[in-house]
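Residue numbers (our numbering): 19 to 422. Notes follow the structure.
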């Protein structure tokens, strides 16, 4: 229930005669973009944890897979295959290093000591279990009962279909992990298990917050969900509290990475959301995956793909590929997110795209309103954008970094 370098260290101290011939394969995911997403991290681990053995989660997005030495080559092959897939799809890579305990136990012990030294305030291993477990349970209880309104960040998804008259389509709700760190006085991201479990709690609390607060405004919102909380029935009460007539204003975003690596659970989740009559957005797609989506895109109301600096007419090959993919999917169903270059928006609009999310879009909207508003009204127009996006100056603080 924490990073487990101490347990891995204890394994290296066993007498050679006390255990079978074991090899620890250390897998390094630190170079993978968005590895802080707990769902993504979990699915990558599932791809390499392919033989019987023990798994140890370590700091810095490292994982140790301890397996009989005779099975280690299969684990190494799985890591190399995953690394090739990540590299091919532009997602960094995965590296591995092997430590056969009989020969390399000393080197592995040095690695464990180095990781442990980075956490000098941790209590001794001998009395850590009860202390940590109790602390985590207290944290989860507090989070389940807390008012999370101060943790929620909202970024507008803009509809730019009307020239010079942008209108908000929806507010994308996320939770600031930095604010959570501050609230609970610890670095949540340093512990993958804790991070994953907290995100599961947050997903449920976010929907509760939406029902209790924001849904009353009459606006449309998007909220992230994942297969674990949906399939285990964690949302049943929240779903029941949302009238059927209001569900069209609650867009539930499901992670495409789960479709790639946890397909049965993903399909079950989507079926549940369809039965509950919520609009569903397929989220977290890289643009170059659009031509070869591994799911039926017609099941989803919206397709969210990430902006990329290569998505300009100057990159003719990429531009043609995107245009072809959009013709098949329908640009009117797409949302371009994480857009950070204002100058790219007009060209993308010519492909039929008109739903955008990101800081550059907020600037685009301010400029569009400035061009059409009378001089006396220009300052209120700028202030209105700040209010709608949640990204005006009031949000620029230590808690302003978004997660999502």
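For every residue, glycine included, the Cβ atom is placed at its ideal position computed from N, Cα and C. Being a predicted model, the structure only gives us computed values, none of them experimental.
Item                                                                                                                                                                : Value
Measure the CB-CB distance between residue 353 and residue 377 and report whether it falls below 8 Å.                                                               : no
Cβ atoms of residue 90 and residue 26: under 8 Å apart, would you say?                                                                                              : no
Counting only the same chain and skipping the five closest in sequence on each side, list residues whose C-beta sits under 7 Å from that of residue 104.            : 50, 110, 111 and 112
Given a cut-off of 8 Å, decide if residue 326 and residue 305 are closer than it, judged by their beta-carbon atoms.                                                : yes
Since residue 252 contacts residue 275 with CB under 8 Å, what's their CB separation in whole angstroms?                                                            : Rounded, the Cβ-Cβ distance is 20 Å, inconsistent with contact.
Tell me which residue opens and which closes the beta strand (DSSP E) that residue 357 is part of.                                                                  : Neither: residue 357 is in no beta strand (DSSP E) and is coded neither H nor E.
Kindly provide the ranges of any alpha helix (DSSP H) runs that are 4 or more residues long and lie completely inside the segment 272–310, ordered along the chain. : 274–279 and 281–293
With H, G and I counted as helix, E and B as strand and the rest as coil, what does DSSP make of residue 325?                                                       : coil
At the level of alpha carbons, what is the spacing between residue 106 and residue 181?                                                                             : 38 Å
For residue 245, count neighbouring Cβ atoms within 10 angstroms of its own Cβ and tell me buried if that reaches 16, exposed if not.                               : buried
List the endpoints of the continuous alpha helix (DSSP H) containing residue 91.                                                                                    : 90–106
Look at residue 66 and residue 45 and say whether their C-beta atoms are less than 8 Å apart.                                                                       : yes
Write down the C-beta distance between residue 240 and residue 188 rounded to the nearest angstrom, noting that I regard them as a contact closer than 8 Å.         : 5 Å
Measure how close the beta-carbons of residue 349 and residue 329 come, nearest whole angstrom, since I'm counting them as under 8 Å.                               : Not confirmed; about 13 Å, so no contact.
Whose CA, out of 30, 78 and 120, lies closest to the CA of residue 213?                                                                                             : 78
For the pair the segment 295–313 and the segment 333–346, tell me if three or more CB-CB distances fall below 8 Å.                                                  : yes
Check residue 218 in the structure and name its three-state DSSP category.                                                                                          : helix
With which residues is residue 374 paired in a DSSP beta bridge?                                                                                                    : 176 and 354
Would you call residue 200 buried or exposed, if buried means 16 or more other Cβ atoms sit within 10 Å of its Cβ?                                                  : exposed
Would you mind stating whether residue 216 and residue 198 have Cβ atoms separated by less than 8 Å?                                                                : yes
Identify whether residue 401 lies in helix, strand or coil by the three-state DSSP scheme.                                                                          : Caution applies to residue 401, whose pLDDT of 44 falls short of 50 and renders its modelled position unreliable; the model cannot decide the point.
Check whether the Cβ atoms of residue 375 and residue 95 sit closer than 8 Å, and answer yes or no.                                                                 : no
If you follow the beta strand (DSSP E) that residue 44 is in, where does it begin and where does it stop?                                                           : 40–46
So, are the CB atoms of residue 75 and residue 115 less than 8 Å apart?                                                                                             : no
What is the rounded straight-line gap between the Cα of residue 343 and the Cα of residue 372?                                                                      : 16 Å
So if DSSP puts residue 232 in a beta bridge, which residue, or which two residues, is it bridged to?                                                               : Residue 232 is not bridged to any residue.
So residue 118 packs on residue 41, CB below 8 Å; how close in whole Å?                                                                                             : 5 Å
Quick check on the burial criterion: 16 or more other C-beta atoms within 10 angstroms. Buried or exposed for residue 277?                                          : buried
What residue range is occupied by the uninterrupted alpha helix (DSSP H) comprising residue 346?                                                                    : 334–347
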